[in-house]
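Visitor: Read in numbering that gives the first Met the number 0, the sequence shown has 233 at position 234, and its numbers run on one by one without any break.
Cβ coordinates follow ideal geometry from the N, Cα and C atoms, glycine included.
Take a look at the following structure, please.
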Amino acid sequence: MHIDFSTAKGRSSYRFLVGAIAPRPIALVSTIDAAGQRNLAPFSYFNLMSAAPPVAVFSVTQPADRAKKDTLTNVLASGEAVIHIVSHAIVERMNLASVAYPNGVDEFARTGFTPVPSLQVQPPRVAEASIAFECTLIQSIPLGTARGAGTLVICQIRVMHIDDRVLTADSMSIDPQALDAVARMGDDWYCRASGPAVFSLPRIHSDRAVGVDGLPAALHSCGEWSSEELARLALAEELPSSDEVNEFRSGHRLATRQTLAAIARQHLAHFDVRSALLAAICASQAAAEQSCVTI
Numbered sequence: 000m001h002i003d004f005s006t007a008k009g010r011s012s013y014r015f016l017v018g019a020i021a022p023r024p025i026a027l028v029s030t031i032d033a034a035g036q037r038n039l040a041p042f043s044y045f046n047l048m049s050a051a052p053p054v055a056v057f058s059v060t061q062p063a064d065r066a067k068k069d070t071l072t073n074v075l076a077s078g079e080a081v082i083h084i085v086s087h088a089i090v091e092r093m094n095l096a097s098v099a100y101p102n103g104v105d106e107f108a109r110t111g112f113t114p115v116p117s118l119q120v121q122p123p124r125v126a127e128a129s130i131a132f133e134c135t136l137i138q139s140i141p142l143g144t145a146r147g148a149g150t151l152v153i154c155q156i157r158v159m160h161i162d163d164r165v166l167t168a169d170s171m172s173i174d175p176q177a178l179d180a181v182a183r184m185g186d187d188w189y190c191r192a193s194g195p196a197v198f199s200l201p202r203i204h205s206d207r208a209v210g211v212d213g214l215p216a217a218l219h220s221c222g223e224w225s226s227e228e229l230a231r232l233a234l235a236e237e238l239p240s241s242d243e244v245n246e247f248r249s250g251h252r253l254a255t256r257q258t259l260a261a262i263a264r265q266h267l268a269h270f271d272v273r274s275a276l277l278a279a280i281c282a283s284q285a286a287a288e289q290s291c292v293t294i
């Protein structure tokens, strides 16, 4: 299947787009109108775009029943907004805030969220949210006029509020398990960024990774390693020398191919790529020797 967006109908293409570009973090955005009336609404076209200066962007799509959504009207008029990260603990109230209430309805009251004063902007914060960003408007960019067309709202983050309970033990970063953030999928689906869904990969701080094409040919041809395993092995900054391979093999003289491959996978699981590569090369040698004996 393929979709040509020059001829695709809007609603059907929308469902494929939001189902494919997922998960998407959710911005729960509070604003106020000229009369000081509070507004609160969630948006899943949202992300961090810069750290220095800190800039977040969310997009407000064109509704079918009015010129602009209240959030866009308010942020364009006031130049201020507070963006909250949605955790699983507040997901039902976030969903209730997505109701297209008439202009002038206080979504804080309708959803049961508690408004608390912000430090540098007029819109209030949601007390129940673990993380909030007080923002000022840098620029808005309309992307079209049809239903579903977005207007990018580019915001500079002035103040970040963090509940201490979602910090790591050293208070140097955010603990994803404690934050338990919720993200938007396609149709009516959501997901949680916590539990077994969260995993880590080693940060690559070097430009010297050998790459998959730099691995010994035997690792490709032996059939032992998946493409993903080869990619992790390829993070090694250099191939081990023949002396290192011989020394490793001597220390595992009685190990079979299966045992050596298991040792390699144990090292891979702990991101010890160099030791894993040594074991993997020795496993491929053992496989070749076993093949020769069989013949």
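Could you pull out every residue in the same chain whose Cβ sits closer than 6 Å to the Cβ of E58, ignoring the five residues on either side in sequence?
Guide: It is worth fixing the name first, because residue 58 is Ser in this sequence and not Glu. Counting only Cβ-Cβ distances below 6 Å, and skipping sequence neighbours, we find Y44, G149, L151.
Visitor: Among V120, Q257, V125, G222, which residue has its Cα nearest to the Cα of P114?
Guide: V125
Visitor: Where DSSP assigns a beta bridge to C190, which residues make up the other side?
Guide: Answer is A182.
Visitor: What residues are listed by DSSP as bridge partners for G321?
Guide: Beyond the ends of the chain as shown, which are 0 and 294, falls residue 321; an answer cannot be given.
Visitor: Taking a contact to mean a Cβ-Cβ separation below 8 Å, would you say L229 touches L214 in this structure?
Guide: yes
Visitor: Is the number of C-beta pairs between the stretch 80 to 94 and the stretch 47 to 54 that are closer than 8 Å three or more?
Guide: no
Visitor: Taking 8 Å as the cut-off, decide whether the C-beta atoms of Q61 and A182 are in contact.
Guide: If you check the CB distance, Q61 and A182 do not come in under 8 Å.
Visitor: As a quick exercise: from F15, A287, Q284, K8, pick the residue whose alpha carbon is nearest that of G185.
Guide: Considering only alpha carbons, the answer is F15.
Visitor: Whole angstroms are fine: how far does the CA of S226 sit from the CA of F247?
Guide: 24 Å
Visitor: Within the chosen definition, does the stretch 167 to 177 reach the stretch 64 to 78 through at least 3 CB pairs nearer than 8 Å?
Guide: no
Visitor: Which residue comes first and which comes last in the beta strand (DSSP E) that contains S219?
Guide: Residue 219 is actually His in this sequence, not Ser. Run containing H219: none in the beta strand (DSSP E); it sits in the alpha helix (DSSP H), 216 to 220.
Visitor: Going by CA-CA distance only, name the one from S274, V120, V56 that's closest to R250.
Guide: The residue asked about is misnamed: residue 250 is Gly in this sequence, not Arg. Among S274, V120, V56, the Cα nearest to that of G250 is on S274.
Visitor: Residue range of the beta strand (DSSP E) that M0 falls in?
Guide: Segment: none, M0 is in no beta strand (DSSP E) and carries neither H nor E.
Visitor: Keeping to the same chain, check which residues put their C-beta closer than 8 Å to that of L218; ignore five residues upstream and five downstream.
Guide: W224, L229, L232, A279, I280, S283
Visitor: Grab the span of the beta strand (DSSP E) containing L136 for me, first residue to last.
Guide: 130 to 141
Visitor: Please name the residue, chosen from A208, L276, V28, E288, that lies closest to A255 on a Cα-to-Cα basis.
Guide: Residue identity differs from the one stated: residue 255 is Thr in this sequence, not Ala. For the residues A208, L276, V28, E288, the minimum Cα distance to T255 belongs to E288.
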